[in-house]
Amino acid sequence: MDRSRVVSDLFLTIDVTEVVEVGHFWGYRIDEKNSAILKKLTAEINRLQLVPLAVHPHPDLVCLAPFADSNERSYFRAQILYVSGSSAEVFFVDYGNKSHVDLDLLMEIPCQLLELPFQALEFKVCRLRPSARSLVCGEHWSCGASRRFTTLVSGHALLVKVFSVVHSVLHVDVYLSSGLQDFVNIRDVLISEGHAELAEECYESRQSHEVLKGLFSKSVEAVTGTCVPSPVKDTEKHLIQVLLDSFASSKLGAPSHKVTLHGPFNPYELKCHSLTRISKFRRVWIEKESINSVAISDSPEDLHQRVLVAASLSVNATGSTMLLRETSLLPHIPGLPALLSMLFAPVMELRVDRDGKCYTGVLCGLGCNPTTGAPILPEHDMELAFDVQFSVEDVVEINILRAAINKLVCDGPNGSRCLGPERISQLQDSVRQKLLGLFCQLKPRERIVPKWPEKPYEWNQVDPKLVMEQADREGSRGKNTFLYQLHRLIVLSSQRCQDPAHGTGVPPSGRLFSSVVADGGLSVPVGRTGKRGLF
Numbered sequence: 001m002d003r004s005r006v007v008s009d010l011f012l013t014i015d016v017t018e019v020v021e022v023g024h025f026w027g028y029r030i031d032e033k034n035s036a037i038l039k040k041l042t043a044e045i046n047r048l049q050l051v052p053l054a055v056h057p058h059p060d061l062v063c064l065a066p067f068a069d070s071n072e073r074s075y076f077r078a079q080i081l082y083v084s085g086s087s088a089e090v091f092f093v094d095y096g097n098k099s100h101v102d103l104d105l106l107m108e109i110p111c112q113l114l115e116l117p118f119q120a121l122e123f124k125v126c127r128l129r130p131s132a133r134s135l136v137c138g139e140h141w142s143c144g145a146s147r148r149f150t151t152l153v154s155g156h157a158l159l160v161k162v163f164s165v166v167h168s169v170l171h172v173d174v175y176l177s178s179g180l181q182d183f184v185n186i187r188d189v190l191i192s193e194g195h196a197e198l199a200e201e202c203y204e205s206r207q208s209h210e211v212l213k214g215l216f217s218k219s220v221e222a223v224t225g226t227c228v229p230s231p232v233k234d235t236e237k238h239l240i241q242v243l244l245d246s247f248a249s250s251k252l253g254a255p256s257h258k259v260t261l262h263g264p265f266n267p268y269e270l271k272c273h274s275l276t277r278i279s280k281f282r283r284v285w286i287e288k289e290s291i292n293s294v295a296i297s298d299s300p301e302d303l304h305q306r307v308l309v310a311a312s313l314s315v316n317a318t319g320s321t322m323l324l325r326e327t328s329l330l331p332h333i334p335g336l337p338a339l340l341s342m343l344f345a346p347v348m349e350l351r352v353d354r355d356g357k358c359y360t361g362v363l364c365g366l367g368c369n370p371t372t373g374a375p376i377l378p379e380h381d382m383e384l385a386f387d388v389q390f391s392v393e394d395v396v397e398i399n400i401l402r403a404a405i406n407k408l409v410c411d412g413p414n415g416s417r418c419l420g421p422e423r424i425s426q427l428q429d430s431v432r433q434k435l436l437g438l439f440c441q442l443k444p445r446e447r448i449v450p451k452w453p454e455k456p457y458e459w460n461q462v463d464p465k466l467v468m469e470q471a472d473r474e475g476s477r478g479k480n481t482f483l484y485q486l487h488r489l490i491v492l493s494s495q496r497c498q499d500p501a502h503g504t505g506v507p508p509s510g511r512l513f514s515s516v517v518a519d520g521g522l523s524v525p526v527g528r529t530g531k532r533g534l535f
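For reference, each letter of the sequence shown is one residue, going 1 to 535 in the UniProt record's numbering.
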């Protein structure tokens, strides 16, 4: 690479020694200069007459600890993380890996060996977050994602491009060699395989990125300019070297960073509010014993709505505050609040934009009186504005799931048709897979800016000509013996029939979609094209 590009983009060649989690790891630089520094340091340690520790081992103590590499044991600079019995876990501050060492093998470190900045670097892959497929497994990252990331970064020399520096952690793009001259971005690999999604960097990272861009652009001018005096070149190169050294200069290697948040209120704290109309303006308090009593957002730059559910709810005497007990904060999956509401709401009405091109939100509740149009239970209606784009296909999938639940509940062991255990197991597995497919799409739903309707909490806001009724054939045979009625579809302008026989912009039939549960599985009879979700 030419010199100006190296200076402006700040590429580093590294070796990964410790994976904390997907996208978060430790390593050290393996360029010629850094390799010479480590080789010289190792030689100095090997020449020492090692002596045992003068004090009892304790956390944060820097010492010399052994590490066996290729059956040859050598001593390296290390920091004690914790002591347990007769051994301690140490962090090797020049390489980034950890190891358990017997206490009697730890040695004193001379003061002159502490003058050299620690060489281990902490990295995070920038613009990366777990996908819904990872989150639904119950952990921040699924086991499959963790294994895949470890395989990609372990045992290879990696090229990283520094995006920003936040709290001494380098946010980087990571590239793996895939040939003689080709490099593949590891973030792109994780996204293409469904383990991760593209995310926005935090404010501190974006701010640091702008500072680095300014510094390195000036450095390029100093290096490549023809009229710049040599002292300026030397100054800029010195600044770059100071920046590289400062990445790990005073850091003692613990793979975490703690920040003190000051109360009683803080921008990182999650605020909760009720979705129902009657409780919209009530304050929400979570019991102090709950782990969610102080819920912190680890990605405040992500403004997607989240869901907190409570098993117990009570209201104070004045009705101004709700107290929640036994709460669970659901995974941070974009669109999850709307999906759950549409899946289990008795009745819903989709909202569309003025041009009728897309869905903008949904009103959920018990619906309204078909004669008077008055809401049946207005206090408990829920109005949601979408922050991701939903399609007709999403609504069809939701209706398929509702029809399957109807069949399992009404025709199960105690139902009218008494399905056998094997058939029930097949239906349950089919529903489970479709539910995961609804939440965990390989391509994440497009993010949109929420748009609230002009008349919130009011039913029948859509032209009746654009409403398409759906009927559960199995439910109709059972004379209304079903748990969920199927939602009505709103025909979008891009999907309206252009057949002159039916009139432009008008659906040819009010019942093109009819969700059923066939004996062999779930199926949906569709419109004229024979393709699901198309008219």
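From the three backbone atoms N, C-alpha and C, an ideal C-beta is built for every residue, glycine too.
Since the structure is predicted, the reported quantities are computational estimates derived from the model, not experimental observations.
>> With distance defined between alpha-carbon atoms, name the residue in GLU397, LEU198, ASP69, ALA311 nearest to GLU287.
In response: Within the sequence shown, the letter at position 287 stands for residue 287. Selected option, being the one with the closest Cα: ALA311.
> Just reading off the beta strand (DSSP E) that ALA157 is part of, what are its end residues?
Replying inline: By one-based count along the sequence shown, residue 157 stands at place 157. Start and end: 157 to 166.
>> I'd like the list of long-range same chain contacts for VAL462, defined as Cβ closer than 6 Å, with 5 residues on each side in sequence excluded.
In response: The count along the sequence shown starts at 1 and reaches residue 462 at position 462. For VAL462, where only same-chain residues beyond five positions count, the Cβ hits under 6 Å are ILE490.
>> Quick check: is any heavy atom of the ligand ADP less than 7 Å from the C-beta of LYS443?
In response: You won't find the ligand ADP in this model; it holds no ligand whatsoever.
> Could you give the C-beta distance for residue 543 and ILE30, rounded to a whole number, given that I count them as a contact under 8 Å?
Replying inline: What is shown of the chain runs 1 to 535, which leaves residue 543 out entirely.
> Is ARG187 closer than 8 Å to LEU128 when the C-beta atoms are compared?
Replying inline: Looking up residue 128 in the sequence shown gives position 128. Looking up residue 187 in the sequence shown gives position 187. A contact, by the Cβ cut-off of 8 Å.
> How about THR327 and ARG282: do their beta carbons lie closer than 8 Å?
Replying inline: In the sequence shown, residue 327 corresponds to position 327, counting from 1. In the sequence shown, residue 282 corresponds to position 282, counting from 1. The answer is no: Cβ separation not under 8 Å.
> Helix or strand or just coil, what does DSSP make of ASN399?
Replying inline: Here the question's residue 399 lines up with position 399 in the sequence shown. Looking at ASN399 - three-state DSSP - the assignment turns out to be helix.
> From this set, LEU176, VAL169, SER87, which residue's C-alpha is nearest GLU122's C-alpha?
Replying inline: Here residue 122 refers to the residue found at position 122 when the sequence shown is read from its first residue. Among LEU176, VAL169, SER87, the Cα nearest to that of GLU122 belongs to VAL169.
> Nearest CA to the CA of LEU336: which residue from ASN34, HIS304, LEU408?
Replying inline: Within the sequence shown, the letter at position 336 stands for residue 336. Here the closest residue by C-alpha is HIS304.
> What are the residues that DSSP puts in a beta bridge with ASN185?
Replying inline: What you label residue 185 is simply residue 185 of the sequence shown in a count that begins at 1. Its beta-bridge partners are TYR175.
> By how many angstroms is the C-alpha of SER391 removed from the C-alpha of GLU18?
Replying inline: In the sequence shown, the residue the question calls residue 18 occupies position 18. In the sequence shown, the residue the question calls residue 391 occupies position 391. GLU18 and SER391: Cα-Cα distance of roughly 42 Å.
> If we ignore side chains and look at the alpha-carbon of each, how far apart do SER493 and ASP355 end up?
Replying inline: In the sequence shown, the residue the question calls residue 493 occupies position 493. In the sequence shown, the residue the question calls residue 355 occupies position 355. Taking the straight line joining both Cα atoms gives about 7 Å.
> For GLY365, which of VAL388, LYS443, LEU340, HIS262 has the nearest alpha-carbon?
Replying inline: Here residue 365 refers to the residue found at position 365 when the sequence shown is read from its first residue. Closest option to GLY365, Cα to Cα, is LEU340.
> Which whole-angstrom value describes the C-beta separation of SER134 and ALA145, a residue pair presumed to lie in contact below a C-beta threshold of 8 Å?
Replying inline: If you number the sequence shown from 1, residue 134 lands on position 134. If you number the sequence shown from 1, residue 145 lands on position 145. The pair is a contact, with the Cβ atoms about 5 Å apart (cut-off 8 Å).
>> Distance check for ARG325 and PRO370, CA to CA, integer angstroms please.
In response: As a working note, residue 370 is residue 370 in the sequence shown. As a working note, residue 325 is residue 325 in the sequence shown. Their Cα atoms are separated by approximately 38 Å.
> Using DSSP with H/G/I as helix, E/B as strand and the rest coil, what is VAL362?
Replying inline: In the sequence shown, the residue the question calls residue 362 occupies position 362. If DSSP states are grouped into helix, strand and coil, VAL362 belongs with the strands.
> Is it right to say VAL16 is buried, meaning 16 or more other beta carbons lie within 10 angstroms of its own, or is it exposed?
Replying inline: Start at 1 with the first residue of the sequence shown, and residue 16 comes out as number 16. Buried: at least 16 other Cβ atoms inside 10 Å.
> Does DSSP put ALA120 in a helix, a strand or coil?
Replying inline: Within the sequence shown, residue 120 is the residue found at index 120, counting from 1. In this structure, ALA120 counts as coil in the three-state DSSP scheme.
>> So that I know if they touch, is there some Cβ in chain D lying closer than 8 Å to that of LYS280?
In response: Absence of chain D from the displayed structure is noted, only one protein chain being present.
>> So if DSSP puts PHE92 in a beta bridge, which residue, or which two residues, is it bridged to?
In response: To locate residue 92, count along the sequence shown from 1; it is residue 92. Per DSSP, ALA78.
> In its own chain, which residues sit with a C-beta less than 6 Å from the C-beta of GLU397, not counting the 5 before and 5 after it?
Replying inline: Position 397 of the sequence shown, counting from 1, holds the residue named residue 397. The residues are LEU438.
>> Using only the alpha-carbon positions, how far apart do LEU116 and LYS40 sit?
In response: Within the sequence shown, residue 116 is the residue found at index 116, counting from 1. Within the sequence shown, residue 40 is the residue found at index 40, counting from 1. If I take the Cα positions, the gap works out to 11 Å.
>> Just to check my reading of the structure: VAL362 and LEU401 have Cβ atoms closer than 8 Å, yes? What is that Cβ distance to the nearest angstrom?
In response: By 1-based counting over the sequence shown, the position of residue 362 is 362. By 1-based counting over the sequence shown, the position of residue 401 is 401. Not a contact, Cβ separation roughly 16 Å.
>> So, with DSSP's three-state summary, where would you put PHE482?
In response: For the purposes of this step, residue 482 is identified with residue 482 of the sequence shown, where counting begins at 1. Residue state, collapsed to three classes: coil.
>> Using CA atoms only, rank isn't needed, just tell me which of THR151, VAL125, PRO450 is closest to PHE386.
In response: As a working note, residue 386 is residue 386 in the sequence shown. It is PRO450 whose Cα lies nearest to the Cα of PHE386.
>> According to DSSP, ASP102 sits in a beta bridge with which residue or residues?
In response: Within the sequence shown, residue 102 is the residue found at index 102, counting from 1. SER87, per the DSSP bridge assignment.
> How close, in whole Å, do the beta carbons of PRO59 and TYR82 come, if the pair is a contact with beta carbons under 8 Å?
Replying inline: Taking the sequence shown and counting its residues from 1, one reaches residue 59 at position 59. Taking the sequence shown and counting its residues from 1, one reaches residue 82 at position 82. PRO59 to TYR82, Cβ: 5 Å. Contact.
> Touching or not, the region 86 to 104 and the region 138 to 158, by the rule of three or more beta carbon pairs under 8 Å?
Replying inline: no
> In whole angstroms, what is the alpha-carbon distance linking ILE296 and LEU50?
Replying inline: Counted from its first residue, the sequence shown places residue 296 at position 296. Counted from its first residue, the sequence shown places residue 50 at position 50. Taking the straight line joining both Cα atoms gives about 47 Å.
> What's the call for THR28, buried or exposed, on a 16-neighbour Cβ count within 10 Å?
Replying inline: The residue you call residue 28 lines up with position 28 of the sequence shown. Residue 28 is actually Tyr in this sequence, not Thr. It is buried - the Cβ of TYR28 has at least 16 other Cβ atoms within 10 Å.
>> Between which residues of its own chain and VAL284 is the CB-CB distance below 7 Å, once the five residues before and five after are set aside?
In response: Along the sequence shown, read from residue 1 onward, the residue named residue 284 stands at position 284. Here the set comprises CYS272, HIS273, SER274, MET322, LEU324.
>> Using DSSP's beta-bridge definition, name the partner residues of MET348.
In response: The residue you call residue 348 lines up with position 348 of the sequence shown. Beta-bridge pairing links MET348 to CYS364.
> In three-state terms, what does DSSP make of TYR457?
Replying inline: As a working mapping, residue 457 is identified with position 457 in the sequence shown. If DSSP states are grouped into helix, strand and coil, TYR457 belongs with coil.
>> Among ILE278, GLY420, LEU10, HIS140, whose alpha-carbon lies nearest the alpha-carbon of VAL315?
In response: By one-based count along the sequence shown, residue 315 stands at place 315. It is ILE278 whose Cα lies nearest to the Cα of VAL315.
>> For VAL20 and LYS124, I'd like the C-alpha separation in whole angstroms.
In response: Within the sequence shown, the letter at position 20 stands for residue 20. Within the sequence shown, the letter at position 124 stands for residue 124. If I take the Cα positions, the gap works out to 10 Å.
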